[in-house]
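Here's the structure, in structure tokens; my notes come after.
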Amino acid sequence: MKIRNNIINDVKRLRREFPLQDRIESIEVRTTNTYTSVLNSWIKDGVAPLPDAIPPDDLETLLTLDAVVMTNSGIGCYPFSAAKTSISANYREHQIYAMNAIDALAIPLLTGTEVVIKSRCSRCALSLTIKSDSLGQIKEATPSDTQVEYRQISANHTSCCNDLCPGITFICGSCAEITINQNDLITLKEASVVGRAFYHFQLCLTNPSIPNTMPLDAV
2 MKIRNNIIND VKRLRREFPL QDRIESIEVR TTNTYTSVLN SWIKDGVAPL PDAIPPDDLE
62 TLLTLDAVVM TNSGIGCYPF SAAKTSISAN YREHQIYAMN AIDALAIPLL TGTEVVIKSR
122 CSRCALSLTI KSDSLGQIKE ATPSDTQVEY RQISANHTSC CNDLCPGITF ICGSCAEITI
182 NQNDLITLKE ASVVGRAFYH FQLCLTNPSI PNTMPLDAV
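Under my numbering, the letters of the sequence shown match residues 2 to 220, in that order.
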């Protein structure tokens, strides 16, 4: 029950600080379809779409909502980062970068593939590797006691990739033990469920046959 409550609280916190699903559900169908096409470019091809491939009005709306991020390398779309970050994710033949640690753990849900995540402890820079199956379940982590730290680095969130994502990082077990705020720590298993719950709506957009209800294990 404690684990379930922790997951629920972390999902609520993430949705409160970054209400992405609510924002997408508030826009016109045409813009939602454009958003879905951006997602599919990442999911299927591992490629950041270029701005000229998207209707200007839709792009402006999505940028205003912070649903996508403009970079010199193309358009990022949470959980996928077009700019290089400290967290890489490999699936099929693609190597991409994730916006943050929870985002990285959600990628298997969207791609339907095994994913290998590589990062470093945000405190001591120790190399970390996490392997997930196609359902997002953690298969292996090195070190095995790797966790996620979800720190608040800003009171207000206007650009998630700048004022929220940098606070959601992987941390090794040794550094986790001496972390002052233990409530900021999330086990890998719990963090993967949080990520799948947060991004489940994207799975429904890219796979219309999937019911738009949160899966039981992600509650």
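The beta carbon of each residue, even a glycine, is placed where N, CA and C say it ideally should be.
- Taking a cut-off of 8 Å on C-beta distances, the stretch 111 to 118 does not touch the stretch 178 to 188, as fewer than three cross pairs fall below it.
- Inclusion of Tyr-200 and Tyr-92 in the CB contact set at 9 Å is not warranted, their separation being larger than that value.
- A distance of 9 Å or more separates the beta carbons of Val-70 and Ile-103.
- Comparing C-alpha distances from Ile-131 to each of Asp-164, Thr-147, Pro-167 and Asn-101 shows the shortest one belongs to Thr-147.
- In the DSSP annotation of this structure, the continuous segment of the alpha helix (DSSP H) that includes Ile-25 starts and ends at 21 to 26.
- Segment contact: the stretch 22 to 41 against the stretch 55 to 64, three or more CB-CB distances shorter than 8 Å; contact assigned.
- In the three-state scheme derived from DSSP, where H, G and I count as helix and E and B as strand, Ile-118 is classed as strand.
- In the three-state reduction of the DSSP assignment, Cys-78 falls in the strand class, which pools E and B.
- Positions of the beta strand (DSSP E) runs, each at least 3 residues long and wholly inside the stretch 27 to 83, are given as 69 to 72 and 75 to 78 in order along the chain.
- A straight line joining the alpha-carbon of Ala-90 with that of Ala-107 spans about 11 Å.
- Per DSSP, Asn-7 is one residue of the alpha helix (DSSP H) stretching across 3 to 18.
- Within the model, the alpha-carbon separation for Asp-11 versus Val-195 is close to 7 Å.
- Exclusion of the five residues before and after Thr-159 leaves no residue of its chain whose Cβ lies closer than 6 Å to its Cβ.
- Ala-142 is classed as buried because its beta carbon has at least 16 other beta carbons within 10 Å across all chains shown.
- Shown here for Ala-49: same chain residues with a beta carbon closer than 6 Å to its own, the five before and five after excluded, namely Ser-74, Gly-75, Ile-76 and Ala-83 in chain order.
- Between the C-alpha atoms of Cys-173 and Thr-188 there is a straight-line separation of about 11 Å.
- Residue range 128 to 133 is occupied by the beta strand (DSSP E) that includes Leu-129.
- Secondary structure of Thr-112 (DSSP, three-state): helix.
- Annotation: Lys-13 to Asn-6 spans about 11 Å, alpha carbon to alpha carbon.
- For Lys-140, the three-state secondary structure derived from DSSP is strand.
- Distance from the CA atom of Pro-20 to the CA atom of Ser-27, rounded to whole angstroms, is 11 Å.
- By the C-beta density criterion, Val-30 is exposed, having fewer than 16 other C-beta atoms within 10 angstroms.
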